[in-house]
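Residue numbers (my numbering), protein chains in the order written: chain Y, 68 to 519; chain L, 68 to 519; chain P, 68 to 519. Inspection log for the structure reproduced underneath, given as structure tokens.
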């Protein structure tokens, strides 16, 4: 058993020739490849909290974003229009009114609050309460503000943004502010503003407002102030039949559920606004020690965000395989490592991508890449997933009762694996459960190397 | 008042820390930034006539195009498939028959003429008269020719092209020509042509035609020749129920109109062919001294082309803000100036983009960027706009009676601006007009710095 | 007549000022330009077999792919998501079960075989027989295997792939394999696999299978083994009303047919799965010595793959024209040669692209580029075409009875060509046939330079 102190780095990626005892593996440095070492920055699929960059920070909260995916690797060209961000608001705080130039789907990781936004067509202000597990879509250009109205709790959001206009980045446009943030008005000439507002004195006041003691995009409110704001709005708002509604993914009917966990998926058919970002929002809950069996998405690229619990991600990646060279069919630059070298044919092989999961870790699983997630013993592992796709995606399982391999001719499989067809059948039938099963930690040898 | 002679450069961009008197501003060089000077080529949003490059030029006219937007700035990746061109034909001239490899929407800036084109499905030739203010769509690959049949007037077109196949450029394919332009036939072997036309002598004639004295894509016709051509066609053409019809945007019902001006917008729902380019065509007419109040487009990127009159554009831009550094969330290369530097969080601020408008100036307003245009005293300012967008765009106004800020909670706004909520309300209510209002020049002090 | 031995290089591109005798031309080196010589690698439109790179090769067959188009030329940005590959399987062979991360349309060039695939929604295995001329679509992520069940014949496929996620490349994911290919399982930890399969011994067996003597993605089967596999499946499969059906393009009703040849086109309206790749599949069959008249596609970029016969391709290209400079309107980088140089306006001209066609040659015709293909005397020329397009494409013919020029005003054409309108009419009427006509070789002088 590896002492926990060796695992302080947030994400370990190891690899093996075919299999190796993970005791050996743990002697590797992080990101060490089969035929050489990968620099930490070279692993394109897993992001820990330190990879986030601060967009805005104040005593009352902060906004952070992962760096532009495309600049990380050519492999991410297909998702270059997406951005992952997180927002953290301290108790009784306000994120000042602004809009952004990207479509935005938010998930409430922790706490509760209110979002107030101006309806696109009618110009009416609507206020919604947001609870833990809620998902809500804000289209590009919609003016909004956020309030942490959840008492003493932090209000924390995980977000996916889609910007088709300036891929890989987004910008906020604050309509009100003093110095940091400025309001967008401060970039217009005073005489223009005076004419626009039809008030010389008004503009003078607006542009010489008193800076907060602790300025920033997120500021502290007095609890009574906050209550007056949210209280006033809740009386006015909540129109019936309004399409811009939050939904709670955690209380949604699961797509799959058994004793080991469940999967919940919500797509455009159930919530039409998700179509703006071409995204399916999903949650995977693995009970203590359980695992999602190796599976792949036929078309979607999945962003996974660990919300609660700890565990392991393993993924097979052809792009990183092949040592210093890698393969990239069609001669394409296959990521950091992979450049096809002319005339040199390589064996077809797969690199193991392995990462320790804990709250705040973001990982990415490209289409068709087999992967598995496993919950550490102790408590459930909750992963929120944004799955972006061009057409209807299907999840295919590689082990378990509904295993796609069971349908193949056993003679074909046997010949490919170099084993007897009857053995093949027996192997594929051993697992009686499906989708989510007992993980390695719950197997006989629970002192084994997969313990955490 | 600044003497007009100081304003000979066609486009002034100045900026200020928050506000500054424009008297100071006019001492700046063009494109001088807040914390340093911008080279003229660094401002990505405004193009004067000198930025156009000549595609084809002859005594009878010329065709010019703005350079590839993407090559100007990473900020323009989202519009890299669009190209802006202009065509100028002298009286009694012909633009020779050709097709281009881009979808094309044209606007008649000046004069009148005829376009003759071969219908896509039927192969019939159709001829349409084009008047000042007409908009017409020519899909990629459609064979056409243009004639200036407007007597002694120049015939001038402003154009938006969309090329999904080779973004940022387009090519013409002339089916008839001698040396400049060649016909596409001249690139095929003579024996191939002889077989294709089934005529040795015919091909000989076709390939040895007499060059015009003044060759070029646009050539002079004798007035009678011209009349025979347009006269003949007008009897044959104009089928009923044909979807490829010009419409006159200037005589279209306005979306908004008051004493200060009007806005006219035509989209795909009214003219289905605009869907090919994902474009809304709009015209803004500001009466002498009036202004369009600060506003933004939720999703569209707007190309503005000044047709008549003079004025000022002001825009708030977060990408250019932040001095030498700029901000670019998501770590994306935010244009020439803006590169996010790791570990360094910057204040959220906005750069003023300011440009003098006069006929021929093209400007671009990215989505969500607040901007205003103001007509100089003396005569109306007419701006033609191509607005390109992925979904339905909405225009939001930031001052005036239908101001989106009025809907927000005044306590929230007040706290964000650092002023009292009641003051906030008073400021937002001062402007009783909406959308288009009296500009700064019509205000009390008309000796003020905004005079031209 | 040029001795055949001079034509051993597979693709000749020559050019001429306007026309030149091809006797002169044949003294040129390949790819020699008008005002200088083009390096062989500079011609972006024609690919011979040597340009293919080996993805996988074994005694039983091989898989090859053309290099990433985008890396060849900026001109190919619009088709960067497409990849051309070919598969060749020796008699009695199996391509092991896997999926790829791209949508795939296959065409059977030679031989016959079976494809077995797991239905996306139901997980059922379906097996289809594939004959020469069959077209079949496999969506991204669909698990499949291929069998050459055509007796002693080689089974050969030509393929178009579309990968929106990682443009320009694709990756295979083998679910079963030993060392080359590995199975994707070999990249997962042993304890993970043991839990997933619920079998320690099973995983041990699966990961220590006996390597084939001749490993590879394609392996040899015993004829009886093969028969048991395909025989077993054919009894279980072939559900009625299943949308994933092969169709035979060669036995499809032609769009056009005359004594000189025929054109067959199948699009999304007839076979909905083609919509996944936005592709029209077409076949052009030119009888011995016949030619497809010069024509262009209004919107589509065409990939042509020569299946049978020999011949010539000629195409007019504006991007390559203009000597060392070239033209690129909109200032865009117009391919290897073409960079617009500021201030320098060039004549509008076209470069001749000429290539010898023989089985295995792949060529590309961008939208709006006029081109012609001509069958050598002796036997028919069969070209399979993948035409990719954003909207409905229309083919326009430049000579022949349905020639688009005939519709234009003869005075306009005459003036453009510098010849008399009546001569113009006579030239355009000489060819009584349309679409496919007698080629240059069937004309009087069959000792002429177009002989092969």
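In this text, a Cβ means the ideal position worked out from N, Cα and C, and glycines have one as well. Keep in mind it's a predicted model, so treat the numbers as computed, not measured.
Residue i vs residue j beta-carbon contact at 8 Å
{"i": "residue 221 of chain Y", "j": "residue 177 of chain Y", "result": "yes"}
{"i": "residue 311 of chain Y", "j": "residue 204 of chain Y", "result": "yes"}
{"i": "residue 330 of chain Y", "j": "residue 187 of chain P", "result": "no"}
{"i": "residue 365 of chain P", "j": "residue 208 of chain L", "result": "yes"}
{"i": "residue 439 of chain P", "j": "residue 491 of chain P", "result": "no"}
{"i": "residue 328 of chain L", "j": "residue 291 of chain L", "result": "no"}
{"i": "residue 495 of chain Y", "j": "residue 470 of chain Y", "result": "yes"}
{"i": "residue 362 of chain L", "j": "residue 500 of chain L", "result": "no"}
{"i": "residue 467 of chain L", "j": "residue 432 of chain L", "result": "no"}
{"i": "residue 429 of chain L", "j": "residue 151 of chain L", "result": "yes"}
Short CB-CB distance (under 8 Å) between residue i and chain C
{"i": "residue 137 of chain P", "result": "As a matter of chain content, chain C is missing from the structure shown, whose protein chains are Y, L and P."}
Contacting residues, own chain, Cβ-Cβ under 8 Å from residue i (five flanking each side not counted)
{"i": "residue 210 of chain P", "result": "164, 165, 166, 184, 185, 242"}
{"i": "residue 286 of chain L", "result": "125, 127, 160, 161, 163, 279"}
{"i": "residue 240 of chain L", "result": "165, 166, 167, 168, 251"}
{"i": "residue 277 of chain P", "result": "245"}
Chain-order list of residues whose beta-carbon lies under 7 Å from that of residue i (same chain, five-residue window excluded)
{"i": "residue 214 of chain Y", "result": "161, 180, 181, 293, 296, 297"}
{"i": "residue 218 of chain Y", "result": "158"}
{"i": "residue 120 of chain P", "result": "131, 132, 134"}
{"i": "residue 543 of chain P", "result": "The question about residue 543 of chain P has no answer here: the residues shown for chain P are numbered 68 through 519."}
{"i": "residue 144 of chain L", "result": "137"}
{"i": "residue 198 of chain Y", "result": "175, 179, 315"}
{"i": "residue 224 of chain P", "result": "153, 154, 173, 174, 175, 176"}
{"i": "residue 334 of chain Y", "result": "341, 347"}
{"i": "residue 146 of chain P", "result": "136, 368, 455"}
{"i": "residue 319 of chain P", "result": "331, 333"}
Close-in-space but distant-in-sequence residues of the same chain around residue i (CB under 6 Å, 5 per side omitted)
{"i": "residue 397 of chain Y", "result": "Confidence at residue 397 of chain Y is low in this model, with a pLDDT of 42, below 50, so its placement is unreliable and the value that follows should be read with caution. Within the same chain, residue 397 of chain Y has no close Cβ partners at all."}
{"i": "residue 388 of chain L", "result": "416, 417, 418"}
{"i": "residue 317 of chain L", "result": "200"}
{"i": "residue 441 of chain P", "result": "358, 378, 379, 506"}
{"i": "residue 352 of chain P", "result": "328, 329, 447, 449"}
Beta-ladder partner(s) of residue i, from DSSP
{"i": "residue 128 of chain Y", "result": "Y:125, Y:156"}
{"i": "residue 419 of chain L", "result": "L:383"}
{"i": "residue 365 of chain P", "result": "In the DSSP output, where bridge partners are listed per residue, residue 365 of chain P has none listed."}
{"i": "residue 226 of chain P", "result": "P:152, P:173"}
{"i": "residue 357 of chain P", "result": "P:505"}
{"i": "residue 448 of chain L", "result": "L:353"}
Report task. Return the residues of the segment 216-249 of chain Y that lie within a Cβ-Cβ distance of less than 9 Å from chain L, sorted by chain order. Result -> 228, 230, 231, 232, 233, 234, 235, 236, 237, 238, 239, 240, 241, 242, 243, 244, 245, 246, 247, 248, 249
Requested in this report: Kindly confirm or deny that the segment 322-340 of chain L and the segment 226-241 of chain L touch, where touching means at least three C-beta pairs closer than 8 Å.
Outcome: no
Requested in this report: Please confirm if the segment 121-136 of chain P is in contact with the segment 233-248 of chain P, defined as three or more CB-CB distances below 8 Å between the two stretches.
Outcome: yes
Requested in this report: Take every Cβ of the segment 477-493 of chain L, pair it with every Cβ of the segment 344-353 of chain L, and state whether three or more of those distances are shorter than 8 Å.
Outcome: no
Query - the segment 253-269 of chain P contacting the segment 411-424 of chain Y, beta-carbon criterion three pairs below 8 Å - result: yes
Query raised in the report: When you check each C-beta in the segment 177-202 of chain Y against every C-beta of chain P, which residues fall closer than 9 Å?
Result: none
Requested in this report: Check distances from the C-beta atoms of the segment 253-266 of chain Y to those of chain L and list, in chain order, the residues that come in under 9 Å.
Outcome: 253, 254, 255, 256, 257, 258, 259, 260, 261, 262, 263, 264, 265, 266
Query raised in the report: Can you find at least 3 beta carbon pairs, one from the segment 471-481 of chain Y and one from the segment 378-389 of chain Y, that sit closer than 8 Å?
Result: no
Requested in this report: With 9 Å as the limit, tell me which residues of the segment 342-362 of chain Y have their beta carbon closer than that to any beta carbon of chain P; keep them in chain order.
Outcome: 358, 360, 361
**Report entry** Residues from the segment 131-164 of chain Y in contact with chain P, defined by Cβ distance under 9 Å
**Finding:** 141, 142, 143, 144, 145, 146
Query raised in the report: Looking at chain Y, which residues of the segment 264-294 of chain P have a Cβ within less than 8 Å of any of its Cβ atoms?
Result: 264, 265, 266, 269, 270, 272, 273, 274, 276, 277, 278, 279, 284, 286, 288, 292
Query raised in the report: What are the residues of the segment 486-498 of chain P that lie near chain L, defined by any Cβ-Cβ distance shorter than 7 Å?
Result: 486, 490, 493, 494, 497, 498
Query raised in the report: Given a limit of 9 Å on CB to CB distance, which residues of the segment 416-437 of chain P reach chain L?
Result: 416, 417, 418, 419, 420, 421, 433, 434, 435, 436, 437
Query raised in the report: Which residues, in order along the segment 111-122 of chain Y, keep a beta-carbon less than 9 Å from a beta-carbon of chain L?
Result: 120, 121, 122
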